[in-house]
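Working notes, beginning with the structure itself.
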Amino acid sequence: MIMHKLPEQTRAGLCDIEAVVFDFDGTLVHTDIDFAAMRQGIVEHLHQWGLWEPGVEESRYVLEIIAWAEERLQDDPSRQQQYRQEAREIIHEVELPHCQRAEPFPGVPEALQRLRAAGRKIGIITRNSHEGVAAVLCRHPLPYDVLITRDDLSNVKPHQEHLEQALTELGVAASQALMVGDHATDIQCGRAAGVRTCGVLTAKTTLQQFHELGADLAFADVPALVEALLDERLP
16 MIMHKLPEQT RAGLCDIEAV VFDFDGTLVH TDIDFAAMRQ GIVEHLHQWG
66 LWEPGVEESR YVLEIIAWAE ERLQDDPSRQ QQYRQEAREI IHEVELPHCQ
116 RAEPFPGVPE ALQRLRAAGR KIGIITRNSH EGVAAVLCRH PLPYDVLITR
166 DDLSNVKPHQ EHLEQALTEL GVAASQALMV GDHATDIQCG RAAGVRTCGV
216 LTAKTTLQQF HELGADLAFA DVPALVEALL DERLP
């Protein structure tokens, strides 16, 4: 696990990186979404629908709780659709106000511009919605080649499909990509897809936790990572 400065051996190992795929919330942008409130809203919704079971929310993220509930309604497509719509509205009510006032972390726009100018492709994969991301990017544009939100596919990270779709659209092999994020799901997704991974310490995940997750790298933030990737001493 390394931070800020890369030893020469690791530097050489990153020379073949053609694309960097970033998480959005907590990595590029400080959205500060109240996930506890979002989870509570979804749990209350389960109770309203008579779907709650003890422990159902303990080992699942919010989107996975919703998917779990939808599976139990699969014999009634009409009710399933109604449940899905109501659940999405609950998420949206918590998520969007934060996105509407969110801003990129300091130095992120400039770092991504440098990365693109150096010929690297940029992907963004996020469990956020199109509308949530757009609420940020309409005010603070960021350069990217591919953006895949939760609205674009069934299996979001930590499922590897989320990252694999981004790599397909970028036209880059897993061996030539780097997945960057602030959360366990980012590292899990990258490792499942066979991609090198990098944690950033911009949210709650610690250096020790990234180490335990098996991240290949860790940096204070995205600008520090980009500085290392684009170090002029790279051959």
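16 is the number of the first residue of the sequence shown in the working numbering; add one for each residue after it. From the three backbone atoms N, C-alpha and C, an ideal C-beta is built for every residue, glycine too. Bear in mind that the values here come from a model prediction, so they are computed numbers and not experimental data.
C-alpha gap between residue i and residue j, whole angstroms
| i | j | result |
| --- | --- | --- |
| Pro238 | Leu245 | 10 Å |
| Gln175 | Ile139 | 14 Å |
| Leu29 | Lys136 | 14 Å |
| Leu182 | Thr164 | 14 Å |
| Val123 | Asp90 | 46 Å |
| Gly229 | Gly209 | 12 Å |
| Gln115 | Ile48 | 11 Å |
| Ala189 | His177 | 13 Å |
| Leu157 | Leu127 | 7 Å |
| Val187 | Glu33 | 7 Å |
| Pro112 | Thr46 | 9 Å |
| Ile80 | Gly56 | 11 Å |
| Ala132 | Asn170 | 32 Å |
Given residue i as reference, the closest of the options once Cα atoms are compared
| i | options | result |
| --- | --- | --- |
| Ala192 | Gly205, Asp38 and Ala199 | Gly205 |
| Ser144 | Asp38, Asp31 and Ser190 | Asp38 |
| Asp62 | Val44, Thr42, Tyr98 and Val35 | In the sequence under discussion, the amino acid at residue 62 is His, which differs from the Asp named in the question. When each option's Cα is compared against that of His62, the closest is Tyr98. |
| Leu78 | Ala132, Glu104 and Ala133 | Glu104 |
Chain-order list of residues whose beta-carbon lies under 6 Å from that of residue i (same chain, five-residue window excluded)
| i | result |
| --- | --- |
| Leu21 | Any reading at Leu21 is ruled out, since the residue's pLDDT is 49, under 50, leaving its predicted position unreliable. |
| Pro173 | Thr200, Gln203 and Cys204 |
| Ala207 | Gln175 |
| Ala235 | Leu216 |
7 Å Cβ shell around residue i - same chain, five flanking residues per side excluded
| i | result |
| --- | --- |
| Arg87 | Leu66 |
| Asp31 | Gln191 |
Spatial neighbours of residue i in its chain, beta-carbon cut-off 8 Å, leaving aside the 5 residues before and after
| i | result |
| --- | --- |
| Ala52 | Val109 |
| Gln96 | none |
| Glu125 | Pro238 |
Say whether the region 140 to 148 touches the region 67 to 74, bearing in mind that this needs 3 or more beta-carbon pairs closer than 8 Å, one atom from each stretch.
-> When C-beta atoms of the region 140 to 148 are compared with those of the region 67 to 74, fewer than three pairs fall below 8 Å, so the two segments do not count as touching.
Write down every uninterrupted run of the beta strand (DSSP E) in the region 132 to 181 whose length is 3 residues or greater and which is fully enclosed by it, in chain order.
-> Counting only unbroken stretches of 3 or more residues, the beta strand (DSSP E) elements lying wholly within the region 132 to 181 are 136 to 140 and 161 to 163, in sequence order.
Whole alpha helix (DSSP H) runs in the region 176 to 216 with 4 or more residues, listed along the chain?
-> Whole alpha helix (DSSP H) segments, 4+ residues: 199 to 207.
Per the contact definition of three or more C-beta pairs closer than 8 Å, is the region 188 to 202 in contact with the region 213 to 220?
-> The region 213 to 220 and the region 188 to 202 touch, with no fewer than 3 CB-CB distances between them shorter than 8 Å.
Unbroken alpha helix (DSSP H) runs of length 4 or more, entirely within the region 67 to 121: which are they?
-> DSSP runs (the alpha helix (DSSP H)) wholly in the region 67 to 121: 77 to 86 and 92 to 116.
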